[in-house]
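*Asks:* One structure coming up, written as structure tokens, with questions to follow.
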Amino acid sequence: MAARLEDLNPNAEIVSKAAARAVNVAAAQGLQGVLKTNLGPRGTLKMLVGGAGQIKLTKDGNVLLHEMQIQHPTACMVARTATAQDDVTGDGTTSTVLLCGELLKQAERYASEGLHPRVITDGFDRARDAAVDFLETFKIPKQNPETDRELLTAVANTSLRTKLEPDLADTMTEAIVDAVQCVAEPGVPVDLHMVEIMHMQQQQGCDSRFVNGIVLDHGGRHPDMPKVMENCYIMTCNVTFEYEKTEVQSGFFYSSAEEREKLVESERKWLDERCKAVVDFKRSVCKNGETFIMINQKGIDPLSLDIFAKEGILALRRAKRRNMERLTLACGGVPMNSIEDMTVDMLGYAGKVSEITLGDDKFTFVEDCKIPKSCSIIIKGPNKHTIDQIKDAIRDGLRAVKNTIEDAAVVPGAGAFEIACALHLNTVLKKSVEGRAKLGVEAFAEALLIVPKTLAENSGLDVQDSIIKLQEEREKTNLPIGIDCNSGDPMLPVEAGIFDNFRVKRQSIYLATVLATQLLLVDEVMKAGKQMGKKKEDNTGLDQEDMD
Numbered sequence: 194m195a196a197r198l199e200d201l202n203p204n205a206e207i208v209s210k211a212a213a214r215a216v217n218v219a220a221a222q223g224l225q226g227v228l229k230t231n232l233g234p235r236g237t238l239k240m241l242v243g244g245a246g247q248i249k250l251t252k253d254g255n256v257l258l259h260e261m262q263i264q265h266p267t268a269c270m271v272a273r274t275a276t277a278q279d280d281v282t283g284d285g286t287t288s289t290v291l292l293c294g295e296l297l298k299q300a301e302r303y304a305s306e307g308l309h310p311r312v313i314t315d316g317f318d319r320a321r322d323a324a325v326d327f328l329e330t331f332k333i334p335k336q337n338p339e340t341d342r343e344l345l346t347a348v349a350n351t352s353l354r355t356k357l358e359p360d361l362a363d364t365m366t367e368a369i370v371d372a373v374q375c376v377a378e379p380g381v382p383v384d385l386h387m388v389e390i391m392h393m394q395q396q397q398g399c400d401s402r403f404v405n406g407i408v409l410d411h412g413g414r415h416p417d418m419p420k421v422m423e424n425c426y427i428m429t430c431n432v433t434f435e436y437e438k439t440e441v442q443s444g445f446f447y448s449s450a451e452e453r454e455k456l457v458e459s460e461r462k463w464l465d466e467r468c469k470a471v472v473d474f475k476r477s478v479c480k481n482g483e484t485f486i487m488i489n490q491k492g493i494d495p496l497s498l499d500i501f502a503k504e505g506i507l508a509l510r511r512a513k514r515r516n517m518e519r520l521t522l523a524c525g526g527v528p529m530n531s532i533e534d535m536t537v538d539m540l541g542y543a544g545k546v547s548e549i550t551l552g553d554d555k556f557t558f559v560e561d562c563k564i565p566k567s568c569s570i571i572i573k574g575p576n577k578h579t580i581d582q583i584k585d586a587i588r589d590g591l592r593a594v595k596n597t598i599e600d601a602a603v604v605p606g607a608g609a610f611e612i613a614c615a616l617h618l619n620t621v622l623k624k625s626v627e628g629r630a631k632l633g634v635e636a637f638a639e640a641l642l643i644v645p646k647t648l649a650e651n652s653g654l655d656v657q658d659s660i661i662k663l664q665e666e667r668e669k670t671n672l673p674i675g676i677d678c679n680s681g682d683p684m685l686p687v688e689a690g691i692f693d694n695f696r697v698k699r700q701s702i703y704l705a706t707v708l709a710t711q712l713l714l715v716d717e718v719m720k721a722g723k724q725m726g727k728k729k730e731d732n733t734g735l736d737q738e739d740m741d
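If you're matching positions, the sequence shown starts at 194 in the numbering used here and goes up one per residue.
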């Protein structure tokens, strides 16, 4: 007789067969219930409260799944899969959780009637492959999308309106499209690290804006330095203007005060010569009201700062390395590592440089660059949770625009793909599949409709009525038909400018189906880990300590 796990480990906790499947389905549906109300532009917000009273308002599925405490192992698996979707594509977290939960719910209906889970999963696999093939034909290819501002604006707006208020979403859409078009180059992957996102706790969220240049989170360190400058030459350098420690451990010995004075004087003279070289260079370069900015990665001592201030040079010291990289991309020029052989070609240019003080913090705006390859987005808001909400939305918006450029294609949104794909699976694929696997295809087609159903439900519409209208309209016209969240009527998402990312849809279908099939094929859930923390006793019944 085969040994059972209970015989091997009497402390093991086991859930078998139908009960194991029911546990998994309940966990996935529980997570689906939490995220369901967030989907779409009419979705509701969730308030997350931390242990120390921190507050976060969000409807971003990725943020929710990262911040929530999830203890159920199955729910943890679903959450990890959905956050992996966000890491890869930047969006689609909520859709993946909804689709996975709905696939399990539909499969449970058939499994409870005696259909074997393996038959259902075979149908799911066939339906998934057909859905991905159909997505290839359903997408709208675009030539040179990085130059099509109207398309990029529509994609960014679709993403942002699901996470922010409409007015704020419209403001940030323009900033995001400006930022991506600034850093995008034909045939090269878009590097979103070249978009600096800075936040300032002041004014309203609608005051957030795009800066055609770089914003540094520090300012000049001398009170007499100018605060606003125009027609500026930008010198980026990594040169020290302060006393340096020796590379090897050494000491200076002197026998009188005069010798010490000579030592200090010679060191000061070395620094003064460096400062004089920069001042002479500035005088030779700046003509007709042009100004000079020096941004240094190393230190500048107070006496050197004083020399630069008297000459009208704005000098910033100890700039961050990432800012130095972005500065040369934004303004042009070359980073200098020595003050010998300085030429005008090494300098960048900015139309305006200004310094703003907020409380104890200083910010330097380097704006109006000629051909920038790096830029900034300034997020403003009255409190921390508003800024966090905008920051999460901007991250998703940037990724959505980047995906559109790299895919060179978009998919009509508002549930259009799900309606069309469900109809395709029920009419075309079902005829080619034989046997009981048809039931798996049926279940998959029904599960896809969770997206338009949830959009209708979150908009306060009648779900059945809306879905039937959409399906009838699709059958009549064979056009991409989506749901109008305001009226509940069918509409053309292409005309309304509602687009989803191709790669997000494809990844979501793959991930949700793979996870659902794996969870369906689980027939035993066992908690049978080793017992921890108990002292091992030997045969005599004495502890090791007693023997010692």
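We put the beta carbon where it would ideally sit given N, CA and C, even for glycine.
Keep in mind the model is a prediction, meaning the values are calculated, not measured.
Run through the segment 232-272 for me and flag every whole beta strand (DSSP E) of 3 or more residues, listed as ranges in chain order.
*Replies:* 239-242 and 248-251
*Asks:* So, under 8 angstroms CB-CB, K595 and V373 are touching, yes? Tell me the CB distance rounded to an integer number of Å.
*Replies:* 6 angstroms
*Asks:* Using C-beta distances below 8 angstroms, list every residue in its chain close to D315, excluding the 5 sequence neighbours before and after it, in chain order.
*Replies:* A630 and G633
*Asks:* Below 6 angstroms CB to CB, which residues in the same chain sit around G541 once its five sequence neighbours on both sides are set aside?
*Replies:* Excluding five sequence positions before and after G541, the CB atoms of its chain that fall closer than 6 angstroms to its own CB belong to I427, C524, G525 and G526, given in chain order.
*Asks:* I'd like to check one pair, F556 with D371: are the Cβ atoms closer than 9 angstroms?
*Replies:* no
*Asks:* Name the one or two DSSP bridge partners that M675 has.
*Replies:* Before going on, a small fix: residue 675 reads as Gly here, not Met. In DSSP, G675 forms a bridge with M684.
*Asks:* Do D284 and R592 have their CB atoms nearer than 9 angstroms?
*Replies:* yes
*Asks:* Three-state secondary structure (DSSP) at H578?
*Replies:* helix
*Asks:* Taking 9 angstroms as the cut-off, decide whether the C-beta atoms of P419 and G505 are in contact.
*Replies:* With contacts defined as CB atoms closer than 9 angstroms, P419 and G505 qualify as a contacting pair.
*Asks:* When you compare the segment 601-613 with the segment 637-648, are there three or more beta-carbon pairs, one atom per stretch, that lie closer than 8 angstroms?
*Replies:* yes
*Asks:* In whole angstroms, what separates the C-alpha of G574 from that of Y436?
*Replies:* 41 angstroms
*Asks:* Rounded to whole angstroms, what's the CA-CA distance from F216 to E639? Just pull it up for me.
*Replies:* It should be pointed out that residue 216 corresponds to Val in this sequence rather than to Phe. Taking the straight line joining both Cα atoms gives about 22 angstroms.
*Asks:* Would you mind reading off the limits of the alpha helix (DSSP H) that contains T286?
*Replies:* T286 to A304
*Asks:* List the residues that DSSP assigns as beta-bridge partners of R461.
*Replies:* DSSP lists no partner for R461.
*Asks:* Taking the alpha carbon of E343 as the point to measure from, which residue in K503, T276, V603 and F501 has its own alpha carbon closest?
*Replies:* For E343, the closest C-alpha among the options K503, T276, V603 and F501 is that of V603.
*Asks:* Expressed to the nearest angstrom, what Euclidean distance is found between the alpha-carbon atoms of V471 and V381?
*Replies:* 37 angstroms
*Asks:* What is the residue span of the alpha helix (DSSP H) that M529 lies within?
*Replies:* Counting along the chain, no alpha helix (DSSP H) covers M529, and no H or E run does either.
*Asks:* Alpha carbons only, please: which of E358, A275 and D417 is nearest the one belonging to L291?
*Replies:* A275
*Asks:* Which of the three DSSP states, helix, strand or coil, is assigned to R354?
*Replies:* coil
*Asks:* Can you tell me where the alpha helix (DSSP H) holding Y426 begins and where it ends?
*Replies:* Note, Y426: premise wrong, no alpha helix (DSSP H); beta strand (DSSP E) at V421 to C430.
*Asks:* How would you write the range of the beta strand (DSSP E) that G541 sits in, first residue to last?
*Replies:* Where G541 is concerned, the enclosing beta strand (DSSP E) stretches over G541 to L551.
*Asks:* Per DSSP, what are the beta-bridge partners of H392 in this structure?
*Replies:* I572
*Asks:* Kindly indicate which residue of S680, E665 and V626 has the alpha-carbon position closest to the one of A649.
*Replies:* Just measuring C-alpha positions, the residue of S680, E665 and V626 sitting nearest A649 is S680.
*Asks:* In the DSSP assignment, what are the bridge partners of V404?
*Replies:* BP columns for V404 point to S569.
*Asks:* Measure the C-alpha to C-alpha separation of L308 and D341 and round it to an integer number of angstroms.
*Replies:* 50 angstroms
*Asks:* From the DSSP output, read off the bridge partner residues of I333.
*Replies:* V603
*Asks:* Using only alpha-carbon positions, find the residue among R515, E367 and Q262 that is nearest to N405.
*Replies:* Nearest C-alpha to N405: E367.
*Asks:* Please report the distance separating the alpha-carbon of I500 from that of F474.
*Replies:* 14 angstroms
*Asks:* Which term fits N481, buried or exposed, when burial requires 16 or more other beta carbons within 10 angstroms of its beta carbon?
*Replies:* Looking at its Cβ environment, which holds fewer than 16 other Cβ atoms inside 10 Å, N481 is exposed.
*Asks:* Which two residues bound the contiguous beta strand (DSSP E) that contains E560?
*Replies:* D554 to E560
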